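In my numbering, the protein residues as written are 21 to 486.
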């Protein structure tokens, strides 16, 4: 009865892990804009036609030229002077490429796959050139590298079933979360499973594993690396660890059941303390782990340089940091400029018309006041009443106004990028080709672990030889 209960719980954990790995699967996307992809369609096709294709495939909340409105209108001054209204016209450049040949549409990331289908139908039906930056592509090579390591370790392992059972869940995770750091961490996880499988079924195996750096370091670094990527990755890797344990519990239960039916039982002479996890053969295999890890590093570095390329090279608005703006580049308005326009629109009714307004970004701490008069004793005293201040609280209020807009405003796109980003025209292939810093660090850490284990082994071997 105890066996059945344990088996049911173990199977339940494994099934839940399998289902969640499928349900929470994720594919890396090279994206120019934070949370948005950019679809481009030749201007010859009317916007309403393009949007009808998007609607057909349930692509919602598309930010397009025709959908833009004035985001704020003062009840007192619905029409502003030209110098204070340039933002409204300049922001329309977001919807055209530099050559004025393509219309641009900003698609929320959740609609990427549907958008691709809509664009494919546009090409089939109208033969109109179009494309998308930030298209999802499943990088098959990444999990296949992990699969190759898994198969190699099965071939090298003296306890093939033990390794196969213990490492199967992390292999599944590498196909579910197709990220380079996950693949690198999965290889470390498999290395720990491979080294630990050597003492399976021997006396005092658990006490040896709890003290062995060769078993602990790879699996701890692996789990922490995956957890650092996202909450969903953290949940899945913890479930994978639980599944590994459950798979081994099932295997152990099966072996005990098989032995109980056998007429005779093998007794291992050596206990786990007499079986070193790291010896010349396993040291070579640990060194072998560096090969796929370096391959992943090279592919990662190459992919970060060529990602975000559209099928057609066109110059489109691209978010960049101020430090990388060239002198001759046209800068489009961003969130900072919207803050300035909103301030000028809201404060205009209180301004002195005899004073010339720059219409630009207000200074931090700038205030708007109005005179107030009150009777103090037998006199009328003038005082100033504060109406608003240009500060963090004001900008937070503007952010809330953006969120409450009832149409798909380009300001929502700006808000996702943040106030410290400028927008310029760049070739679509040049956009955001920077290396993912966290991913690079995690891969390098994973590469360092086998080197560190080998150094420990060499140092210990040197001491013994003395």
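No residue lacks a Cβ here, since even glycine has one placed at the ideal position from N, Cα and C. Quick caveat, the model's predicted, so the values are computed rather than measured.
* Asked: Does the stretch 413-420 touch the stretch 24-38, meaning 3 or more C-beta pairs lie closer than 8 Å?
  -> At 8 Å Cβ cutoff, the stretches do not touch.
* Within 10 angstroms of its Cβ, does residue 161 collect 16 or more other Cβ (buried), or is it exposed? -> exposed
* With DSSP as the reference, label residue 403 as helix, strand or coil. => strand
* Might you give, ordered along the chain, the residues of its own chain that have their beta carbon closer than 7 Å to the beta carbon of residue 134, omitting 5 neighbours on each side? => These residues qualify, in order along the chain: 77, 78, 79.
* Is residue 218 helix, strand or coil by DSSP? -> coil
* Of the residues 234, 150, 230, the one placed nearest residue 212, counting alpha carbons only -> 234
* To do: Compute the Euclidean distance between the alpha carbons of residue 144 and residue 58, then round it to the nearest angstrom.
  => Using only the alpha carbons, I get a separation of about 20 Å.
* Which of helix, strand or coil does DSSP assign to residue 148? -> coil
* To do: Please confirm whether residue 470 and residue 238 have their CB atoms less than 9 Å apart.
  => yes
* Could you name each continuous alpha helix (DSSP H) segment of 4 residues or more that falls completely within the stretch 28-101, going from the start of the chain to the end? => 67-76
* When 390, 174, 316 are compared against residue 368, the one with the closest alpha-carbon -> 390
* Asked: Got a sec, what are the start and stop residues for the alpha helix (DSSP H) residue 162 sits in?
  -> 161-176
* Please name the residue in 88, 266, 304 whose C-alpha comes closest to that of residue 25. => The residue with the shortest Cα to Cα distance from residue 25 is 266.
* Using the C-alpha atoms, what's the distance from residue 447 back to residue 106? -> 25 Å
* Near residue 7, what residues of its chain come up, given a Cβ to Cβ distance below 6 Å and the 5 sequence neighbours on each side ignored? -> As shown, the chain starts at 21 and ends at 486. That puts residue 7 outside it, with no answer to give.
* To do: Note down, in chain order, each residue of its chain lying with its Cβ closer than 6 Å to the Cβ of residue 331, except the 5 sequence neighbours on either side.
  => Below a pLDDT of 50, predicted positions are generally treated as unreliable, and residue 331, at 45, falls in that range; no measurement from the model is reported.
* To do: Figure out for me which residue from 388, 177, 304, 437 has the closest Cα to the Cα of residue 4.
  => Here the chain covers residues 21 to 486 and nothing more, so residue 4 does not appear.
* Nearest CA to the CA of residue 337: which residue from 226, 71, 443, 244? -> With respect to the C-alpha of residue 337, the residue from 226, 71, 443, 244 having the closest C-alpha is 443.
* **Between the CA atoms of residue 240 and residue 255 - distance to the nearest angstrom** => Their backbone Cα atoms lie some 15 Å apart in a straight line.
* Taking just the CA atoms, how far does residue 298 sit from residue 218? -> If I take the Cα positions, the gap works out to 10 Å.
* **Cβ shell of residue 474 (< 8 Å), same chain only, five flanking positions each side left out** => 303, 306, 307
* Starting from residue 123, follow its DSSP beta bridges and name the residues at the other end. => Beta-bridge pairing links residue 123 to 61, 116.
* Report all residues from its chain with a CB closer than 7 Å to the CB of residue 195; omit the five preceding and five following residues, and keep chain order. => 163
* **Range of the contiguous alpha helix (DSSP H) that encloses residue 2** => The requested residue 2 is not part of the displayed model; the chain covers only 21 to 486.
* To do: Could you name the residues that DSSP lists as bridge partners for residue 442?
  => 340
* Sub-9 Å separation of residue 173 and residue 187 beta-carbons -> yes
* To do: Give the DSSP-derived three-state secondary structure of residue 382 in the structure shown.
  => Coil, per DSSP.
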